[in-house]
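Worksheet: one structure, shown below.
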Amino acid sequence: MTEFVRLEVDGGVGTIRLDRPPMNAINRQVQRELEEVSAEATSRNDVRAVVVYGGEKTLAAGADVKEMADMTYSEMAEVTHQLSRGFGAVSEIPKPTVAAITGYALGGGFEVALSCDRRIAGDNATVGQPEILLGIIPGGGGTQRLARLVGPAKAKDVIFTGRFVKAPEALEMGLVDEVVPPDEVYTRAHAWAAQFANGPTRALAAAKNAIDRGLEIDLRDGLAVESELFAALFGTEDQTIGMRSFVENGPGKATFLGR
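Letter by letter, the sequence shown follows residues 1 to 259 of this note's numbering.
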């Protein structure tokens, strides 16, 4: 059983709920629980898409600075890779994922959001990577995922300054994908995830894999990855169902089995 992170499932959508009051500070225990719950969401067949949510007040205000403040280089060197895995655990879920951002998503909290496929924020939300103000840099994926998301110039602006970015500017910069009233954040995120509840699970996983792996390699190798994943889907039941349904009934009418 986990203490601060749990998985709630409703209608094919799994919600990874952070619950460490008052601000969901992400300490090492929360990092381990994020890994554990992400693995559970990956393995469960009744979870077809995932929402990451911290409650009505905040997603997560950042890493637990008190826990790190007195650590030495040698101590941090032993755990830094574990830290990166914890903050990025959601990225390993081979299903569509969306962060529902209310209040603050700062530092490690924003790194968790960056590990999702999509980010929906309240119009009063604030995001950012303020680690530079502590004399360090983002260590849970922020320098890498942010630069891949919005490009190096915008990523450097956010990371070099450590400034807090309000929702309207975050949308304009591409840090988040959608801004809605605060009381609609979770509902909108759940609705986005729910559209995949009866989708072709293996095709969605292949699409996510192709895009994510392709960003790490050159175009030629990325096209080879895409071709391999494309061909492999012809061994799935959903491919047979989808194509037969298209031929017989037109597009968008298939009932997939998720296998």
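Each residue gets a CB set at the ideal place from its N, CA and C atoms; glycine is no exception. Bear in mind the structure is a predicted one, so any value in this text is a computation, not a measurement.
| query | Closest to Thr-97 by CA distance: which of Glu-33, Val-13, Gly-54 is it? | reply | Position 97 of the sequence shown, counted from the start, is the residue given in the question as residue 97. Comparing alpha carbon positions, the residue from Glu-33, Val-13, Gly-54 closest to Thr-97 is Val-13.
| query | Which ranges would you report for the alpha helix (DSSP H) in the stretch 181-220 if only whole runs of at least 4 residues count? | reply | Runs found: 185-194, 201-214.
| By Cβ distance below 7 Å, which residues in the same chain neighbour Leu-171 in space, the five residues on each side in sequence not counted? | For the purposes of this step, residue 171 is taken as residue 171 along the sequence shown, with counting starting at 1. The answer, listed in chain order, is Val-179.
| field | Proximal residues to Gly-162 (C-beta, below 8 Å), its chain only, five neighbours per side dropped | value | Position 162 of the sequence shown, counting from 1, holds the residue named residue 162. Cβ neighbours of Gly-162 beyond the five flanking positions: Gly-128, Gln-129, Pro-130, Glu-131, Ile-132, Leu-133.
| task | Please state if the CB of Gly-252 and the CB of Pro-200 are separated by a distance shorter than 8 Å. | result | Counted from its first residue, the sequence shown places residue 200 at position 200. Counted from its first residue, the sequence shown places residue 252 at position 252. No. Outside cutoff.
| 6 Å Cβ shell around Ala-189 - same chain, five flanking residues per side excluded | Locating residue 189 in the sequence shown gives position 189, counting from the first residue. Result list for Ala-189: Val-51, Val-98, Ala-100, Ile-120, in chain order.
| query | By how many angstroms is the C-alpha of Asp-177 removed from the C-alpha of Leu-146? | reply | On the sequence shown, residue 146 is found 146 positions in, with the first residue counted as 1. On the sequence shown, residue 177 is found 177 positions in, with the first residue counted as 1. The alpha-carbon atoms of Leu-146 and Asp-177 are separated by roughly 13 Å.
| request: Let me know if Ile-136 comes out buried or exposed under the rule of 16 or more other beta-carbons within 10 Å of its beta-carbon. | output: Along the sequence shown, one-based indexing puts residue 136 at 136. Label assigned to Ile-136: exposed.
| Which runs of the alpha helix (DSSP H) spanning at least 4 residues fall entirely within the stretch 13-72, listed in chain order? | 28-43, 65-68
| field | Glu-8 (DSSP reduced to helix, strand or coil) | value | In the sequence shown, counting from the first residue as 1, residue 8 sits at position 8. DSSP places Glu-8 in strand when its eight states are reduced to three.
| task | Please go through the same chain and pick out, in chain order, the residues whose beta-carbon is closer than 7 Å to the beta-carbon of Gly-139, but skip the five residues on each side of it. | result | Here residue 139 corresponds to residue number 139 of the sequence shown, with the count starting at 1. Taken in chain order, the residues that qualify are Thr-80, Leu-83, Ser-84.
| task | Could you tell me whether any non-hydrogen atom of the ligand SAH is closer than 7 Å to the CB of Phe-230? | result | As far as ligands go, the structure on display features none, and thus does not contain the ligand SAH.
| In chain order, what residues of the same chain lie with their CB nearer than 8 Å to the CB of Val-165, ignoring the 5 residues before and after it? | Sequence index remark: in the sequence shown, residue 165 carries index 165 (1-based). So the qualifying residues of the chain are Thr-126, Val-127, Gly-128, Val-158, Met-173, Leu-175.
| task | Grab the span of the beta strand (DSSP E) containing Lys-244 for me, first residue to last. | result | Start at 1 with the first residue of the sequence shown, and residue 244 comes out as number 244. Note that residue 244 corresponds to Arg in the displayed sequence, not to Lys. Per DSSP, Arg-244 belongs to no beta strand (DSSP E); it is in the alpha helix (DSSP H), 237-249.
| field | Three-way DSSP call (helix, strand, coil) for Ala-105 in this model | value | The count along the sequence shown starts at 1 and reaches residue 105 at position 105. The answer is strand: DSSP assigns Ala-105 an E or B state.
| said: Just to confirm my understanding: we take Thr-2, look at its own chain, exclude 5 residues before and 5 after, and list those with CB closer than 8 Å. What are they? | reply: Mapped onto the sequence shown, residue 2 falls at position 2. So the qualifying residues of the chain are Glu-33, Glu-36, Val-37.
| request: Assign Thr-102 to one of two classes, buried (16 or more other C-beta atoms within 10 Å of its C-beta) or exposed (fewer than that). | output: For the purposes of this step, residue 102 is identified with residue 102 of the sequence shown, where counting begins at 1. Buried.
| said: Need the endpoints of the alpha helix (DSSP H) that Gly-135 sits in, please. | reply: Counting from 1 along the sequence shown, the entry for residue 135 is found at position 135. Run containing Gly-135: none; DSSP gives neither H nor E here.
| request: Could you name the residues of the same chain whose beta carbon sits closer than 6 Å to that of Ala-254, not counting the 5 residues immediately before and after it, in chain order? | output: Along the sequence shown, read from residue 1 onward, the residue named residue 254 stands at position 254. Result list for Ala-254: Ile-241, Gly-242, Ser-245, in chain order.
| Span separating the alpha-carbon of Asp-117 from that of Ser-91 | Locating residue 117 in the sequence shown gives position 117, where the first residue counts as 1. Locating residue 91 in the sequence shown gives position 91, where the first residue counts as 1. Roughly 8 Å between the two C-alpha positions.
| Rounded to a whole number of angstroms, what is the C-alpha to C-alpha distance between Ala-61 and Gly-108? | Here residue 61 refers to the residue found at position 61 when the sequence shown is read from its first residue. Here residue 108 refers to the residue found at position 108 when the sequence shown is read from its first residue. Rounded to the nearest angstrom, the two C-alpha atoms are 8 Å apart.
| So, are the CB atoms of Glu-226 and Gly-214 less than 8 Å apart? | Against the sequence shown, residue 226 aligns to sequence position 226. Against the sequence shown, residue 214 aligns to sequence position 214. Result yes, Cβ atoms of Glu-226 and Gly-214 sit closer than 8 Å.
| message | Going by beta-carbon coordinates alone, are Glu-67 and Arg-28 separated by less than 8 Å? | response | Within the sequence shown, residue 67 is the residue found at index 67, counting from 1. Within the sequence shown, residue 28 is the residue found at index 28, counting from 1. Closer than 8 Å, so yes.
| message | Going by beta-carbon coordinates alone, are Arg-48 and Lys-95 separated by less than 8 Å? | response | Sequence index remark: in the sequence shown, residue 48 carries index 48 (1-based). Sequence index remark: in the sequence shown, residue 95 carries index 95 (1-based). For Arg-48 and Lys-95, yes; Cβs fall inside 8 Å.
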